[in-house]
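Let me begin by presenting the structure, written as structure tokens, before commenting on it.
Residue numbers (the working numbering), protein chains in the order written: chain A, 9 to 348; chain B, 84 to 436.
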């Protein structure tokens with residue numbers, strides 16, 4: 009066991025995958041000699057050679073496209089975009105080709121690619137360095153969207169993503185790249201890609217989240233418990249598409265209440281999809297309206313106002329209490345459910 | 084399923100012809116390859132013309148982009164390629180896919196959306212792919228397949244397979260970013276890839292010269308990537324073959340990529356919807372004089388190939404196209420279950436939900 013951060017776990021998984029399979033190659037801007045802007049590929053070029061850890065020109069369309077060509081011919085490329093906001097020049101390749109080659113060729117060609125990108129705010133970066141546009145990718149049939157929220161899940165999910173036969177958008181919440189350390193065993197064990205992770209059981213309300221927001225959501229669940237005697241379940245969705253709705257539904261059937269938490273803007277955010285599916289399949293279990301705690305429908309702001317934009321524990325607590333006290337409005341005097 | 088016609092046995096033309104024409108016939112290209120290129124050009128011409136007819140009969144839906152007039156490029160390159168080399172092409176890709184060995188029935192069937200099609204009717208005219216023949220896809224988004232071809236070439240280089248990727252695109256592609264990104268990468272990494280610009284003078288409806296800063300849209304950009312400027316008469320299969328052979332050989336030996344601009348002309352408009360009224364009067368007529376097929380036919384005769392050999396190839400190709408048409412027409416349309424297949428690796432369109 010080694011105690012590592014999330015970004016170190018990414019690096020460990022990459023090294024492991026490369027050791028296991030020489031068809032795994034890495035490419036991206038500065039990933040080789042410099043080990044990447046966040047050091048996720050640190051030391052890998054030294055270990056595996058410049059042939060397998062490739063410094064590319066600053067050209068995202070070509071990075072994305074070269075990966076398609078490699079993958080369709082049997083390699084397993086892992087391509088890095090330095091920031092999610094830089095992935096858009098590669099969208100044509102990802103949407104029109106990586107996600108569709110299998111379909112249009114009836115399975116004769118396929119694209120086992122992982123496109124990695126640090127995503128989300130919290131590092132005081134300007135807008136392109138801070139956005140959460142995972143819903144763009146989740147909208148595309150044929151793509152998986154996977155977001156780890158801990159070192160253990162980063163290691164296991166990245167290994168699974170690299171071994172998966174479909175293209176994966178692997179979004180790494182950079183705000184928590186170094187937030188916590190966890191023991192991660194470098195045993196090559198992958199985690200399942202098609203399951204949500206229940207991080208906390210609870211009977212009163214289900215908090216559904218992913219990415220860096222898992223941190224605030226878990227903290228909110230603790231506070232809900234200690235201060236308000238509200239027992240919140242916390243589900244880390246982890247794989248947005250294909251979505252494991254069964255785990256979410258099972259929890260909501262028990263709690264009757266759901267708060268969806270994500271950093272991305274509200275409109276058309278992936279929370280809307282989860283809410284819609286809850287309405288379709290779980291409406292009769294709901295005791296209160298579904299709550300969403302999300303980013304505002306604005307462009308990610310600059311460094312000085314970022315803290316006003318990012319979701320925080322208080323907003324999650326308030327939403328959970330609204331759900332629990334529905335149809336009454338909670339007041340600060342409401343300390344326990346019994347009191348209400 | 085109708086088979087592709089096989090080239091007739093080698094003629095005795097060289098023996099019968101005057102001494103100088105025999106030596107011209109059996110130069111660095113030789114009789115076999117010339118007969119093959121003639122046959123391939125005819126196959127493309129008649130297949131494309133048939134596709135046009137099938138459109139008019141409403142048997143092909145959607146749109147299609149014909150390569151009538153541009154046959155020499157596909158045929159010259161295919162003749163110079165090794166069977167395991169890769170072809171990447173655009174939506175104007177019927178020719179490039181068929182010349183690698185895909186059957187006419189499978190090509191026409193795909194155009195008609197039939198079960199017998201190359202992709203069982205799901206890909207359509209703009210996505211023809213035949214993996215077993217090295218035809219690694221037609222890409223309908225301009226420029227997209229240049230990086231993809233570079234990626235395939237990267238794999239060949241990494242695994243030392245000796246395979247070369249040949250990537251065909253139109254003149255319009257030279258103004259999109261992916262063109263420049265891909266060629267730069269290929270040059271930096273010395274990838275075994277040959278980029279071939281089929282310059283037919285019009286990007287869609289607009290003359291390429293009106294929207295491009297240089298006269299030769301591909302060749303004039305080559306120096307930016309440290310590559311020589313290569314322009315070839317794209318209507319002369321022999322000239323195309325020679326330039327293709329040299330570029331492919333260089334790529335295979337580790338000499339890196341080439342960028343070739345082949346000058347040509349499409350006899351039809353951009354697509355089914357385009358009557359090509361934007362062409363100046365007389366331009367088509369001028370180019371018809373340089374139609375690659377009559378020109379090549381005459382060359383074969385001048386080189387001493389018998390009229391009977393040439394006409395037997397013509398008859399055989401026509402029959403093959405007719406047979407393929409009937410076979411494709413007789414093939415069923417795919418069922419609606421196809422809609423929900425092959426989105427994901429498990430073969431379906433949904434997972435848990």
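Yeah, the Cβ is synthetic: ideal placement off N, Cα and C, and Gly gets one too. This structure is a prediction, so every number in the text was calculated from the model and none was measured.
Asked                                                                                                                        : Found
Residue burial classification, residue 346 of chain A (beta-carbon count within 10 angstroms, cutoff 16)                     : The predicted position of residue 346 of chain A is uncertain, since its pLDDT is 46 and thus under 50; a value taken from the coordinates is nonetheless stated next. Residue 346 of chain A comes out exposed.
Members of the stretch 136-154 of chain B near chain A, C-beta cut-off 9 Å                                                   : none
is_contact[residue 74 of chain A, chain B] using C-beta, thresh 9 Å                                                          : yes
Inter-residue spacing [alpha-carbon to alpha-carbon] between residue 223 of chain A and residue 233 of chain A               : 16 Å
Of the residues B/238, B/374, B/287 and B/266, the one placed nearest residue 360 of chain B, counting alpha carbons only    : B/287
Under 9 Å by beta carbon: chain B residues contacting residue 101 of chain A                                                 : 224, 227, 230, 231 and 261
Where residue 296 of chain B falls, given that 16 or more other Cβ within 10 Å makes a residue buried                        : exposed
For residue 195 of chain B, the nearest candidate out of B/414, B/424 and B/428 (CA to CA)                                   : B/414
9 Å Cβ cutoff met for residue 128 of chain B and residue 321 of chain B                                                      : no
Rounded C-alpha distance that separates residue 183 of chain A from residue 296 of chain A                                   : 32 Å
Beta-carbon proximity list for residue 132 of chain A, same chain, < 7 Å, skipping 5 on both sides                           : 311 and 314
Host beta strand (DSSP E) of residue 175 of chain B (start-end)                                                              : It is not in any beta strand (DSSP E) - residue 175 of chain B carries neither H nor E in the DSSP assignment.
8 Å Cβ cut-off: residues of chain A touching residue 235 of chain B                                                          : 77, 78, 80 and 81
Any C-beta of chain B under 9 Å from that of residue 59 of chain A                                                           : yes
Where residue 351 of chain B falls: helix, strand or coil (DSSP)                                                             : coil
Residues within the stretch 96-120 of chain A neighbouring chain E, beta-carbon criterion of under 9 Å                       : Among the protein chains of the structure shown, namely A and B, there is no chain E.
Residue 84 of chain B (DSSP reduced to helix, strand or coil)                                                                : Model confidence at residue 84 of chain B stands at a pLDDT of 45, short of 50, so the residue's coordinates are unreliable and nothing is read from them.
Residue 178 of chain B and residue 131 of chain B closer than 9 Å at C-beta                                                  : yes
Rounded straight-line distance, which links the Cα of residue 262 of chain B to that of residue 224 of chain B               : 12 Å
Straight-line Cα distance separating residue 314 of chain B from residue 144 of chain B                                      : 36 Å
9 Å Cβ cutoff, residue 191 of chain A in contact with chain B                                                                : no
The stretch 277-284 of chain B touching the stretch 300-310 of chain B, judged by at least three CB pairs closer than 8 Å    : yes
Chain A within 9 Å of residue 208 of chain B, Cβ atoms only                                                                  : no
Environment of residue 11 of chain A [buried if 16+ CB atoms lie within 10 Å]                                                : exposed
Per-residue DSSP class, three states only, for residue 416 of chain B                                                        : coil
Whole-angstrom distance between residue 396 of chain B and residue 101 of chain B, CA atom to CA atom                        : With a pLDDT of 49 at residue 101 of chain B, under the threshold of 50, the modelled position of this residue cannot be trusted, and the question is left open.
Host alpha helix (DSSP H) of residue 154 of chain B (start-end)                                                              : 154-163
Neighbour-count burial assignment, residue 55 of chain A, 16 or more Cβ in a 10 Å radius                                     : exposed
Interface flag, residue 335 of chain A vs chain B, CB-CB below 9 Å                                                           : no
Chain B contacts made by the stretch 141-154 of chain A, where a contact means CB separation under 7 Å                       : 149 and 150
Pairwise C-alpha distance: residue 288 of chain A and residue 251 of chain A                                                 : 15 Å
Contact set for residue 102 of chain A: own chain, Cβ-Cβ below 8 Å, skip 5 residues either direction                         : 72, 95, 123, 145, 148, 151, 175 and 177
Stretch-stretch touch, CB-based, cutoff 8 Å, three pairs: the stretch 156-164 of chain A with the stretch 102-113 of chain A : no
Through-space distance from residue 205 of chain B to residue 182 of chain B, alpha-carbon basis                             : 21 Å
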